[in-house]
Amino acid sequence: MTDIEKIHLLMVDDEEKFLNALTERLKLKFFDITPVTNGEDAIKVAKKAQFDVAVVDLQMPGIDGVELLKILKKSHRFLEIIILSGHATIDVAVDCTKLGAFKVLEKPSSFDKLVETITEAYESRMKKKFEKDIDRMKKIQSLAFGQSPLGILRELKKMDDNQK
Amino acid sequence: MNQHTIDLVNKQGLQFFGSVNASISHELKNIFAIISETAGFLNDLTQLSKQGKEFELSLLENCSNSIAEEIERGFDTIRQMNQFAHSVDDPIKETSIADTLTLAVKLTGFLSYTKKTQIDASGTDITVLTSPFLLQNLIYRTLCAIYKSADTKDTLKIFFHEKDPDTVSLTFSWGSLSALTDFPDRQTTDVADALKATINFTDKDLEVTMARTNDNLFTALAGR
Chain A
0 MTDIEKIHLL
10 MVDDEEKFLN
20 ALTERLKLKF
30 FDITPVTNGE
40 DAIKVAKKAQ
50 FDVAVVDLQM
60 PGIDGVELLK
70 ILKKSHRFLE
80 IIILSGHATI
90 DVAVDCTKLG
100 AFKVLEKPSS
110 FDKLVETITE
120 AYESRMKKKF
130 EKDIDRMKKI
140 QSLAFGQSPL
150 GILRELKKMD
160 DNQK
Chain B
0 MNQHTIDLVN
10 KQGLQFFGSV
20 NASISHELKN
30 IFAIISETAG
40 FLNDLTQLSK
50 QGKEFELSLL
60 ENCSNSIAEE
70 IERGFDTIRQ
80 MNQFAHSVDD
90 PIKETSIADT
100 LTLAVKLTGF
110 LSYTKKTQID
120 ASGTDITVLT
130 SPFLLQNLIY
140 RTLCAIYKSA
150 DTKDTLKIFF
160 HEKDPDTVSL
170 TFSWGSLSAL
180 TDFPDRQTTD
190 VADALKATIN
200 FTDKDLEVTM
210 ARTNDNLFTA
220 LAGR
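Protein sequence lines correspond, in order, to chains A and B.
Positions 0 to 163 (numbering that gives the first Met the number 0) are the ones given, in order, by the first sequence.
Positions 0 to 223 (numbering that gives the first Met the number 0) are the ones given, in order, by the second sequence.
Here it is as structure tokens:
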């Protein structure tokens, strides 16, 4: 698998040993992983690099999983977020899904299940991006008629701002 | 202490017992998650080895060390769970302040919002004739309230001393005292009343003072 094909994964968990073990295992599955131990660092690295999927622990000191989910979803609309919860009750799953989480998994979850869910989340992201790209192409085509070059650029900038 | 207070404290006691057990189970789940992933990684390395692929031997050593450490952490957690469970054995008994504080700090250590804490154990230990379970409840509630309001960089320091022959004082000192609002809440006040304890704020500290013996509690809980 080349670097381009690798799924770029952001892993956030305050349990450092759990994070390290999972990171090593996922690396063997050809994921490109950035592990961080808190929400603050997750926000910082997400600003600098582009991730396809984030796996976030629910209970963390400082910015917890729910807060991080809200922040990341607001600034990275196509990022799919999987929540890991020690107590994955229906209430937690419903609340997180309402906030845009792709799925809530109980911690510890089976490794195969996690890999499967990350892959599904990646596919969902690609599908959403593809649909958005098609939509964008249609808009660009419609802009090309009856607009000055400067007007087209202005409209494109507006579209890009809305896509962040 | 009237019947209303006894009922309230009993109900709260059950809630307290449940919430501590939930935090312990969360801690144990984390431990199992680490062991599970580390064992999985060992299996992955075994498969790599079978395929003739090379890897750093230190990875194996790290895995076995990590599993051993987590098993020790699990034993520690179960020891604390056991100690906490036995706090309901005797409704009233001579209770060590140092031991109760130590256990409360360890139990609150399982919470995600816990902060660094030091207990000053330089003096001699003090005992009070009280309900060990209710005392644990009061200290746990106090610690939770402080941790929730404290800054992540704060270190909580706890001191205890004999204020006079009949009274014990526990002092909680940390950086951002002003951020602790709405404390003590009604439930904490009820527990404190039952223990004949008062919670006061000074300029820099929070102080819990308590009677070393409590005849009302004797009558209510031990039926003497």
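We put the beta carbon where it would ideally sit given N, CA and C, even for glycine.
Exercise. Examine chain A for any beta-carbon lying closer than 8 Å to the beta-carbon of B:Thr37, and answer yes or no.
Key: The count along the second sequence starts at 1 and reaches residue 37 of chain B at position 38. Taking Cβ atoms only, chain A reaches closer than 8 Å to B:Thr37, which makes this a yes.
Quiz item: Between the Cα of B:Val127 and the Cα atoms of B:Val8, B:Lys10, B:Ser18, B:Thr208, which residue gives the shortest distance?
Solution: On the second sequence, residue 127 of chain B is found 128 positions in, with the first residue counted as 1. Minimum Cα distance to B:Val127 is reached at B:Thr208.
Quiz prompt | Pick from B:Ile30, B:Thr187, B:Asp202 that is closest to B:Lys195, judged by C-alpha positions | solution = Counting from 1 along the second sequence, the entry for residue 195 of chain B is found at position 196. Ranking B:Ile30, B:Thr187, B:Asp202 by Cα distance to B:Lys195 puts B:Thr187 first.
Self-check item: Contacts around B:Leu27, its chain only, beta-carbon distance under 7 Å, and the 5 residues preceding and following it disregarded
Solution: Stepping through the second sequence from its first residue, residue 27 of chain B is reached at position 28. Once the five neighbours on either side are set aside, the close Cβ partners of B:Leu27 are Gly73, Thr76.
Quiz item: Does the beta-carbon distance from B:Phe109 to A:Pro107 come in below 8 Å?
Solution: Here residue 109 of chain B corresponds to residue number 110 of the second sequence, with the count starting at 1. Here residue 107 of chain A corresponds to residue number 108 of the first sequence, with the count starting at 1. No. Outside cutoff.
Exercise. Mind listing, in chain order, the continuous alpha helix (DSSP H) runs of no fewer than 4 residues lying wholly within the segment 160 to 223 of chain B?
Key: Restricting attention to alpha helix (DSSP H) runs no shorter than 4 residues, the segment 160 to 223 of chain B encloses them at 185 to 193, ordered along the chain.
Quiz item: Tell me which same chain residues have a C-beta within less than 7 Å of the C-beta of A:Ala92, skipping the five on either side of it?
Solution: To locate residue 92 of chain A, count along the first sequence from 1; it is residue 93. Excluding sequence positions up to five before and after A:Ala92, its CB lies within less than 7 Å of the CB of Val103, all in the same chain and listed in chain order.
Quiz item: In angstroms, rounded to a whole number, what distance separates the CA positions of B:Leu179 and A:Met10?
Solution: For the purposes of this step, residue 179 of chain B is taken as residue 180 along the second sequence, with counting starting at 1. For the purposes of this step, residue 10 of chain A is taken as residue 11 along the first sequence, with counting starting at 1. The C-alpha of B:Leu179 lies about 33 Å from the C-alpha of A:Met10.
Quiz prompt | Cα-Cα separation between A:Arg135 and A:Ser147, rounded to whole angstroms | solution = For the purposes of this step, residue 135 of chain A is identified with residue 136 of the first sequence, where counting begins at 1. For the purposes of this step, residue 147 of chain A is identified with residue 148 of the first sequence, where counting begins at 1. Their Cα atoms are separated by approximately 18 Å.
Self-check item: C-beta atoms of B:Leu44 and B:Val104 nearer than 8 Å
Solution: Working through the second sequence from its first residue, we reach residue 44 of chain B at position 45. Working through the second sequence from its first residue, we reach residue 104 of chain B at position 105. Going by C-beta atoms, B:Leu44 is not nearer than 8 Å to B:Val104.
Exercise. With a 10 Å radius around its C-beta and 16 neighbouring C-beta atoms as the bar for buried, classify B:Ser48 as buried or exposed.
Key: The count along the second sequence starts at 1 and reaches residue 48 of chain B at position 49. The Cβ neighbour count for B:Ser48, taken over all protein chains shown within 10 Å, is under 16; the residue is labelled exposed.
Exercise. With 8 Å as the threshold, decide whether the Cβ of A:Glu115 is near any Cβ in chain B.
Key: On the first sequence, residue 115 of chain A is found 116 positions in, with the first residue counted as 1. So, not an interface residue.
Quiz item: Nearest to A:Ile6 by CA position, among A:Glu15, A:Leu98, A:Tyr121, A:Gly150, is which residue?
Solution: As a position in the first sequence, residue 6 of chain A is number 7, starting the count at 1. Out of A:Glu15, A:Leu98, A:Tyr121, A:Gly150, A:Tyr121 has the C-alpha closest to the C-alpha of A:Ile6.
Self-check item: Which listed residue (B:Leu169, B:Phe182, B:Gly122) has its alpha carbon closest to that of B:Ile145
Solution: Within the second sequence, residue 145 of chain B is the residue found at index 146, counting from 1. Here the closest residue by C-alpha is B:Phe182.
Quiz prompt | Alpha carbon of A:Ala45 to alpha carbon of B:Gln117, nearest angstrom | solution = The residue you call residue 45 of chain A lines up with position 46 of the first sequence. The residue you call residue 117 of chain B lines up with position 118 of the second sequence. B:Gln117 has its alpha-carbon roughly 36 Å from the corresponding atom of A:Ala45.
Practice problem: Note down, in chain order, all residues in the segment 40 to 61 of chain A with a beta-carbon under 8 Å from any beta-carbon belonging to chain B. | Solution: So the close ones are Gln58, Met59, Pro60, Gly61.
Quiz prompt | DSSP state of B:Phe158 mapped onto helix, strand, coil | solution = Taking the second sequence and counting its residues from 1, one reaches residue 158 of chain B at position 159. In this structure, DSSP gives B:Phe158 an extended state, which the three-state scheme calls strand.
Quiz item: Does any CB atom of chain B fall closer than 8 Å to the CB of A:Thr4?
Solution: To locate residue 4 of chain A, count along the first sequence from 1; it is residue 5. Inspection of the sequence shows that residue 4 of chain A is occupied by Glu rather than by Thr. Contact with chain B is absent for A:Glu4, since none of that chain's Cβ atoms lies less than 8 Å from the residue's Cβ.
Practice problem: For the segment 10 to 35 of chain A, enumerate the residues whose C-beta is nearer than 7 Å to any C-beta of chain B, in chain order. | Solution: So the close ones are Glu14, Lys16, Phe17, Ala20, Leu21, Glu23, Arg24, Leu27.
Exercise. Would you list the residues sitting across from B:Leu128 in a DSSP beta bridge?
Key: Residue numbering aside, residue 128 of chain B sits at position 129 when the second sequence is read from its first letter. Its beta-bridge partners are B:Glu93.
Practice problem: Check each candidate in A:Lys138, A:Pro60, A:Phe29 and name the one with the smallest Cα separation from B:Lys150. | Solution: Start at 1 with the first residue of the second sequence, and residue 150 of chain B comes out as number 151. At residue 150 of chain B the sequence reads Asp, which differs from the Lys that was named. Of the candidates A:Lys138, A:Pro60, A:Phe29, the one whose C-alpha sits nearest the C-alpha of B:Asp150 is A:Pro60.
Exercise. Answer yes or no: does any C-beta atom of chain A fall closer than 8 Å to that of B:Ser225?
Key: For chain B, the structure presents residues 0 to 223; residue 225 of chain B sits outside this window and is missing.
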